[in-house]
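Just add 23 to wherever you are in the sequence shown, counting from 1, and you've got our numbering.
Virtual Cβ for every residue (Gly too), placed ideally from N, Cα, C.
The structure displayed is predicted, hence computed values, not measured ones.
Contents: one structure, followed by commentary.
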Amino acid sequence: MANSKYIYVDGNMIPYEDAVVHVNTVAVKYGSNVFEGLCVYEGQGDNFLFRAHEHYVRLEDSRRLMQVDCDYTIDDYSEAVLSCLHANDVTGDAHIRLTIMITGDGYSETTGPASLVCIVGPRKPTRLEDRTKHAAVSSWLRQDDRIAPPRIKAGANYHNSRFGLLEARRNGYDQAIFLTLDGKISEGANSCLCMVRNGVLVTPTITSSILESVTRSTLLQLAAEELGIPCQERDIDRSEIYSASEAFFCGSGLEISPILSVDRTPLGTGEIGPVSRQLWEAYEAVLRGRNQKYAGWLTPIQAARTGARG
Ligand code: PMP
């Protein structure tokens, strides 16, 4: 990600190079932070933050579950993101990382003080073809609610994704698929997973050791409402994925990433499937403000700057 000019830290815009933390903070020593990754899309007449409110609510949930003391509210999260976008004069597509990190020193049980940080970076639009993946079922299992709840979007949780991804890359794959402790399909590294079997879009339930993904719930809604595709949230056995006609990873950053093969077994024709393609077209139309039905999911950036209401 290219560097932006300024980083938001606790209400101040700090030049990129100067936004540093002390090596003795709990955030550095134990990875004690919670965060969100959300996107800006260039669209009809403005640039739009996609489902920002849902990301702020999840950040607040993560903060509470991680027992991080800080007085910021959802309005402050919104203010941090918008002021950082404006300070950096973001015009095209962009990715935003909004983090609450424990900046106090002490041991792992330290709960504060904490800082709110927003980093913005420009991002180039990609095509579905650029995001295809060959995946492997990981020998690492997905972490579990009884150990380190995956519904908390905490930096420290990403050690699990890291193990899976490094193993997959070492073995010549692009992405890892994790199983739960019970051997059911959970999610990908840094993404959720959906498959199409017998014409039904199927995805693991929110109690399958997944992050409660904004993209996953968006795509389920669009599949049902815009494409009339039946959807199921249910347990998925490992063996089912090999007979899926298509599957994809999804997430705010990964958008829809078609899975062409799992463990070198091609899914369907081994090409991008029709549901993945139609869903991507429907999703992109929403992201870029071309489908007014879902305009409520978009926060116009420039309109927010001038105070205009669009
Ligand atoms: N699972 C994990 C572990 C993730 O890191 C992400 C990316 N945030 C997702 C799922 C997808 O979540 P979302 O659609 O909210 O970005």
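May I ask you to check if the CB of residue i is nearer than 8 Å to at least one heavy atom of the ligand PMP?
| i | result |
| --- | --- |
| Tyr-306 | no |
| Gln-78 | Correcting the residue type first, residue 78 is His in the shown sequence and not Gln. Yes; taking the cut-off as 8 Å, the Cβ of His-78 has a heavy atom of the ligand PMP nearer than that. |
| Ala-212 | yes |
| Pro-173 | yes |
| Ile-233 | yes |
| Tyr-64 | no |
| Lys-176 | yes |
| Asn-56 | no |
| Arg-120 | no |
| Ser-236 | yes |
| Arg-86 | no |
| Ser-280 | no |
| Leu-321 | no |
| Ser-184 | yes |
| Leu-277 | yes |
| Tyr-317 | no |
| Gly-144 | no |
| Tyr-100 | no |
| Arg-257 | no |
| Arg-239 | yes |
| Arg-81 | yes |
| Gly-274 | yes |
| Gly-60 | yes |
Identify whether residue i lies in helix, strand or coil by the three-state DSSP scheme.
| i | result |
| --- | --- |
| Gln-255 | strand |
| Ser-27 | coil |
| Arg-202 | The sequence given here places Leu at residue 202; Arg does not occur at that position. Residue state, collapsed to three classes: strand. |
| Leu-321 | strand |
| Arg-332 | Low local confidence applies: a pLDDT of 42 at Arg-332 is under 50, so the model's placement there is unreliable, and no value is given. |
| Ser-85 | helix |
| Gly-66 | coil |
| Phe-148 | Looking at the sequence shown, residue 148 is not Phe but Pro. If DSSP states are grouped into helix, strand and coil, Pro-148 belongs with coil. |
| Gly-127 | coil |
| Ala-305 | helix |
| Ala-171 | coil |
| Val-237 | helix |
| Pro-227 | coil |
| Asn-35 | strand |
| Pro-136 | coil |
| Glu-210 | strand |
| Lys-316 | helix |
| Lys-156 | strand |
| Cys-141 | strand |
| Ala-177 | strand |
| Ala-42 | coil |
| Gly-293 | coil |
| Cys-215 | strand |
| Gly-54 | coil |
Alpha carbon to alpha carbon, how far is residue i from residue j?
| i | j | result |
| --- | --- | --- |
| Ile-324 | Val-237 | 20 Å |
| Phe-186 | Glu-210 | 14 Å |
| Asp-258 | Ser-214 | 17 Å |
| Asp-41 | Leu-310 | 33 Å |
| Lys-316 | Phe-58 | 29 Å |
| Ala-110 | Ile-30 | 9 Å |
| Ile-175 | Glu-83 | 10 Å |
| Ala-331 | Leu-321 | Because the pLDDT of Ala-331 is 49, which lies under 50, any placement of that residue in the model is unreliable, and the number read from its coordinates should be weighed accordingly. Taking the straight line joining both Cα atoms gives about 15 Å. |
| Arg-192 | Asn-314 | 37 Å |
| Ile-20 | Asp-94 | Residue 20 lies beyond the residue range present for the chain, which begins at 24 and ends at 333; the question has no answer from this structure. |
| Leu-290 | Pro-281 | 10 Å |
| Leu-61 | Cys-107 | 13 Å |
| Gly-251 | Ile-142 | 38 Å |
| Gly-274 | Thr-226 | 13 Å |
| Gly-195 | Leu-189 | 10 Å |
| Ser-184 | Arg-165 | 8 Å |
Counting only C-beta atoms, is residue i closer than 9 Å to chain D at any point?
| i | result |
| --- | --- |
| Gly-54 | Among the chains of the structure shown, chain D does not appear; only one protein chain is present. |
Taking the runs of the beta strand (DSSP E) that are 3 residues or longer, which of them lie wholly in the segment 256–282?
Whole beta strand (DSSP E) segments, 3+ residues: 269–274.
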